[in-house]
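Asks: I'd like to ask you about the structure that follows.
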Amino acid sequence: MVKYIATRVTYSIILLIGVLFIVFMLLHLTGDPVSLMVSRQASPDEIAQLREQLGFNRPLVIQFADFVKGAVQGDFGDSFRYRQPAMELVLQRVPATIQLASVALFMAIVMGVTMGILGGSNPNSFLDAAARGLGLLGQTIPTFWLGLILILVFALNLGWFPTYGRETFTFLGLKLPDKSIVLPAFALSLFTTGQLVRFTRSAVMEVRNEDYVRTAHSKGLPRLRIYLKYILRNAAIPLISIIGVQFSYLLSGSIYIETIFSWPGLGNLLAEAVGTRDFFLVQATAFFTSLVVIGLHLLTDLIYVLVDPRIRYE
Amino acid sequence: MKQSFIRRAAVVAVLLVVAGALAFASGGQEQQGAQKESVLRVALAAGPNTIEPATGDTRQASNVAWSIFDSLVWLNDEGKIVPALAESWTVSDDGTVYTFKLRKDVTFHNGYPFTADDVVFTWQRGKGEKITYREDFNVVKDVQKVDDYTVKVILDKPNSMMLLQMNEHWGILSKKYYDEVGESGYLQNPVGTGPFKFVQWNKGDRIELEANTDYWQKGYPKVDKLIYRPIPESSTRVAALKAGDIDIISRLGPEQADSIKAASNVKLVTYPKDRVYYITFNNMSSGKGTPIENVKVRQALSYAVDTQAIIDNIFNGKAEQVAGMVVPGNLGYDPSIKPYPYDPQKAKQLLAEAGYADGFEIGMAGPSDTYINFEDVLQAVAGYFKDIGVTVDLQFMESGKFWNLEANRELPPLFGDSWSSSTGEAFPRLVGSVGGKDASYAAWYDPRLVDLVEQIRLTPDQNERAKVYTKILKYMHDNPPFIYLYQPLAFEATRANVKNYNPRVSEQYYLKGVSVE
């Protein structure tokens with residue numbers, strides 16, 4: 000087990016560096032941000048001087064090595080635009096994104112798992128058709144469009160929610176979002192809902208035909224008990240991995256959703272940083288999100304062991 | 000064990016529901032409380048990097064900054080420089096020494112008095128390497144304190160732009176406060192003498208300011224609270240305005256302007272922006288030795304483009320054709336100088352006279368992701384060129400790369416771009432584009448133009464300067480370094496109850512006189 004974890008962690012670190020390398024190279028393929036940092040009346044000398052000052056005239060590999068060296072020590076450089084440590088800016092945005100991702104995941108699980116169970120246990124019924132419809136819709140509907148429609152209908156016309164932004168209140172010392180989170184979380188949750196419906200539905204359909212379920216039925220056990228203890232518990236294993244993967248996807252912050260709803264999270268920050276070529280800020284955001292994604296995948300694998308006693312890593 | 004887990008999960012679920020209910024309730028209360036004081040809520044298209052005039056990198060950032068800071072002088076709505084923190088000033092006969100008398104009744108938001116030391120300090124700090132607009136401080140050779148309320152600003156040579164540059168970027172900082180908190184402390188918690196005091200800034204979320212009740216200009220500001228909210232998506236800005244969640248929005252597209260016009264309780268604000276879109280001829284690098292060096296060819300290409308058709312078809316008519324780099328609203332604009340009319344026959348004739356009756360091939364480039372519909376515009380232009388026999392090899396590139404190549408003078412003989420000005424005069428775009436070989440983004444070199452632009456710098460008298468601008472406009476029309484295309488319209492909107500919102504052609508606005516009724 001320890002050996003397994005050690006290997007996985009090593010792989011994760013290599014993967015992380017790989018992701019950073021790709022992000023770094025892609026950024027530098029587009030040139031450097033110096034031209035955006037000087038006014039248009041600047042002289043060529045001034046531009047060259049600034050480029051040297053910021054180290055953008057050095058070979059890329061050396062710049063990357065420097066970046067990794069700093070990152071290991073927790074120094075991700077200063078954002079050019081904000082004149083502040085990049086990681087500090089990233090961490091400021093984390094609570095908003097975690098809240099959005101958690102509420103979205105909660106909504107997705109409630110809608111997705113419920114519809115999946117209902118559909119899966121009544122194959123070819125109306126409910127099943129609805130579940131399949133929701134699954135398909137959730138995964139195909141463009142979030143950008145959906146976000147705008149939600150704003151127009153529920154915020155502008157019905158006036159139930161604010162049109163944009165994050166309003167908070169303080170509860171037990173925590174700044175929590177109010178109803179302003181509902182629309183963006185719903186828009187964000189739909190893709191995950193679609194996945195969960197489909198996976199729950201097929202898992203339930205598979206398990207309910209197992210011999211032990213038939214045995215349980217013939218023993219005369221109550222239906223609810225069979226569902227909770229025999230079907231759901233066994234159908235849950237693939238679901239956990241889906242939920243883990245989906246949560247990491249939600250946590251990396253949705254650029255579209257956060258931009259449309261002007262939700263002050265990571266996706267919003269990343270969109271802005273890319274748009275203004277704030278290299279260190281993009282790299283810090285990329286580092287943070289890949290760390291979260293890779294970390295959650297690792298965690299998911301470990302949770303398997305706890306849920307399914309048959310799985311052992313030696 | 001398992002049951003206790005379920006029970007715990009149930010407790011957590013109940014707590015979540017309660018928290019959610021509380022959230023809804025408290026959300027409602029907050030809104031009710033807010034209605035008692037007058038609050039002005041302004042949308043920003045992007046979050047500012049700083050809210051201090053010398054470092055804020057976009058127009059939107061400096062608009063926020065000027066709610067908090069003041070300069071020595073102010074450019075009023077009529078385009079005249081008027082006193083602000085300086086009561087009055089005199090200029091020496093040779094135009095190189097300005098003596099400013101400062102107001103004595105001014106304090107910073109934290110109570111520190113405003114004195115000559117703060118002006119000297121603001122200049123010293125403004126010249127610093129890390130200051131975005133240090134050039135606007137470097138135009139001045141020295142700033143000297145004469146007494147607590149008098150400063151001398153000394154120049155190398157007369158510079159007609161100096162007061163405008165001061166108005167643009169010299170937001171006066173408190174030396175004493177800066178000494179206490181340092182550069183980054185100051186930028187995080189800015190303190191100025193302006194109409195609004197800084198309260199808090201949650202990046203990506205909001206900037207909150209409150210009225211400076213001791214503001215030196217009595218009767219201002221007109222609202223108790225000023226809140227800026229970044230809303231990057233323009234459709235969301237429109238929805239927020241219509242729903243009454245925001246009071247002022249800007250940076251809208253033409254279609255959105257139409258939808259605002261149709262809505263009730265909101266007002267559309269439209270004006271031509273001080274930005275010129277053009278295609279430049281590049282005689283400083285790749286265009287050397289190509290047909291574009293011949294003035295007849297440049298005139299021919301100007302006649303060849305039907306700019307009005309481009310405006311009508313690509314912008315739905317929502318842009319204005321321009322005749323040069325000096326546009327309506329700029330000092331020295333002369334309406335008698337008209338844009339080149341669309342005349343393909345004349346174009347062909349001029350090409351023939353220049354010795355290119357069969358046309359020629361030439362390269363052209365443009366940025367792909369930064370200006371609205373600009374790729375379509377350049378493609379249309381290439382089509383018009385083809386009609387007179389000029390084949391264009393048109394390439395688009397990501398804007399960052401494009402500007403790097405532009406600064407390195409590695410772009411093709413023709414390229415499209417745009418240039419704005421925020422001072423009410425065309426000087427910045429002239430000095431940048433035709434001001435000589437020292438300007439990074441210049442592509443055209445004409446010694447006569449370099450002289451004329453320098454003459455503007457050396458002419459402090461506004462009326463005299465206007466004449467030079469007109470001369471330049473005429474000269475650049477007859478000997479075009481550019482194909483002048485259009486200036487876009489700005490579309491902004493406010494709630495119907497917002498009064499006195501008057502943005503300027505530079506997309507600059509001051510909110511101290513704006514009220515919500």
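Residue numbers (numbering that gives the first Met the number 0), protein chains in the order written: chain A, 0 to 313; chain B, 0 to 516.
Virtual Cβ for every residue (Gly too), placed ideally from N, Cα, C.
I need the DSSP call for residue 400 of chain B, collapsed to helix, strand or coil.
Replies: Collapsing the DSSP output to three states places residue 400 of chain B in a helix.
Asks: Could you have a look at residue 418 of chain B and say whether DSSP puts it in helix, strand or coil?
Replies: Strand, per DSSP.
Asks: Among B:230, B:413, B:192, which residue has its Cα nearest to the Cα of residue 212 of chain B?
Replies: B:192
Asks: Of all the residues that make up the stretch 134-166 of chain A, which are near chain B by a beta-carbon distance shorter than 8 Å?
Replies: 147, 150, 151, 154, 155, 158, 161, 162, 163, 164, 165, 166
Asks: Measure the alpha-carbon distance for residue 72 of chain B versus residue 479 of chain B and round it to whole angstroms.
Replies: 36 Å
Asks: Can you confirm whether residue 155 of chain B, when its beta carbon is compared against all beta carbons of chain A, has any partner nearer than 7 Å?
Replies: no
Asks: Taking only runs of the alpha helix (DSSP H) that begin and end inside the stretch 136-204 of chain A, which ones reach a length of at least 4 residues, in chain order?
Replies: 142-149
Asks: Applying a beta-carbon distance threshold of less than 8 Å, which residues of chain A neighbour residue 230 of chain B?
Replies: Here the neighbours are 163, 164, 261.
Asks: For residue 199 of chain A, which residues from the same chain have a beta carbon less than 7 Å from its beta carbon, with the 5 sequence-adjacent residues on both sides left out?
Replies: Result list for residue 199 of chain A: 111, 112, 115, 116, 119, 234, 238, in chain order.
Asks: By a C-beta neighbour count over all protein chains shown, 10 Å radius and 16 as the cutoff for buried, is residue 24 of chain A buried or exposed?
Replies: With fewer than 16 other Cβ atoms within 10 Å, it is exposed.
Asks: Going along the chain, which residues of its own chain have a beta-carbon closer than 7 Å to the beta-carbon of residue 40 of chain B, five neighbours each way excluded?
Replies: 226, 228, 245, 246
Asks: With a 10 Å radius around its C-beta and 16 neighbouring C-beta atoms as the bar for buried, classify residue 122 of chain B as buried or exposed.
Replies: buried
Asks: Judging by CA-CA distance, which residue of B:405, B:269, B:450 is the nearest neighbour of residue 42 of chain A?
Replies: When B:405, B:269, B:450 are compared, the shortest CA-CA separation from residue 42 of chain A is found for B:405.
Asks: So what does residue 83 of chain A bridge to, in DSSP terms?
Replies: A:78
Asks: Is residue 258 of chain B close to chain A, meaning its C-beta is less than 7 Å from at least one C-beta of that chain?
Replies: no
Asks: Helix, strand or coil, according to DSSP, for residue 498 of chain B in the structure here?
Replies: strand
Asks: Assign residue 9 of chain A to buried or exposed, taking buried as 16 or more other Cβ atoms, counted over all protein chains shown, within 10 Å of its Cβ.
Replies: It counts as exposed.
Asks: Considering only their Cβ atoms, is the gap separating residue 510 of chain B from residue 269 of chain B smaller than 7 Å?
Replies: Judged by beta-carbon spacing, residue 510 of chain B lies beyond the 7 Å limit of residue 269 of chain B, meaning their Cβ atoms are not closer than that value.
Asks: Is residue 131 of chain B buried or exposed, if buried means 16 or more other CB atoms sit within 10 Å of its CB?
Replies: buried
Asks: Which full runs of the beta strand (DSSP E) of 3+ residues lie inside the stretch 225-280 of chain A, going along the chain?
Replies: For the stretch 225-280 of chain A, there is no continuous beta strand (DSSP E) assignment of 3+ residues that stays within its boundaries.
Asks: What separation, rounded to the nearest whole angstrom, lies between the Cα atoms of residue 46 of chain B and residue 281 of chain A?
Replies: Cα to Cα, residue 46 of chain B sits roughly 16 Å from residue 281 of chain A.
Asks: Are the Cβ atoms of residue 102 of chain A and residue 184 of chain A separated by less than 7 Å?
Replies: yes
Asks: Can a CB atom of chain B be found closer than 7 Å to the CB of residue 42 of chain A?
Replies: Residue 42 of chain A belongs to the set of residues whose beta carbon lies under 7 Å from a beta carbon in chain B.
Asks: Just to make sure I have the definition right: I need the residues of chain B whose C-beta is within less than 7 Å of the C-beta of residue 9 of chain A. Which are they?
Replies: Per Cβ cutoff of 7 Å: no residues; residue 9 of chain A is ~33 Å from chain B at best.
Asks: Within the 7 Å Cβ cut-off, does residue 506 of chain B reach chain A?
Replies: no
Asks: Going along the chain, which residues of the stretch 226-258 of chain A sit with their C-beta nearer than 8 Å to a C-beta in chain B?
Replies: For the stretch 226-258 of chain A, which is checked against every Cβ of chain B, the residues closer than 8 Å are 258.
Asks: Among the residues of its own chain, which have a CB less than 8 Å from the CB of residue 207 of chain A, if the five just before and after it don't count?
Replies: 119, 120, 230
Asks: Assuming residue 376 of chain B and residue 313 of chain B are in contact, meaning their beta carbons sit under 8 Å apart, how far apart are those beta carbons, in whole angstroms?
Replies: 6 Å
Asks: Which class does residue 149 of chain B belong to by DSSP, given the choice of helix, strand or coil?
Replies: strand
Asks: Give the interface partners of residue 81 of chain A over in chain B, defined as CB-CB distance under 7 Å, in chain order.
Replies: For residue 81 of chain A, the residues of chain B that pass the 7 Å Cβ criterion are 48, in the order they occur in the chain.
Asks: How many Å lie between residue 263 of chain B and residue 468 of chain B at the Cα?
Replies: 43 Å
Asks: From what residue to what residue does the alpha helix (DSSP H) around residue 11 of chain A run?
Replies: From DSSP, the alpha helix (DSSP H) with residue 11 of chain A extends over 1-28.
Asks: Grouping DSSP H, G and I as helix and E and B as strand, with all else coil, what is residue 506 of chain B?
Replies: coil
Asks: What does residue 97 of chain A reach in chain B if we use C-beta pairs closer than 9 Å?
Replies: The premise fails here: residue 97 of chain A is roughly 15 Å from chain B at the closest Cβ pair, so nothing lies under 9 Å.
Asks: Over the uninterrupted beta strand (DSSP E) stretch that includes residue 361 of chain B, give me the two end residues.
Replies: 359-366
Asks: Return helix, strand or coil for residue 195 of chain B, following the three-state DSSP convention.
Replies: strand
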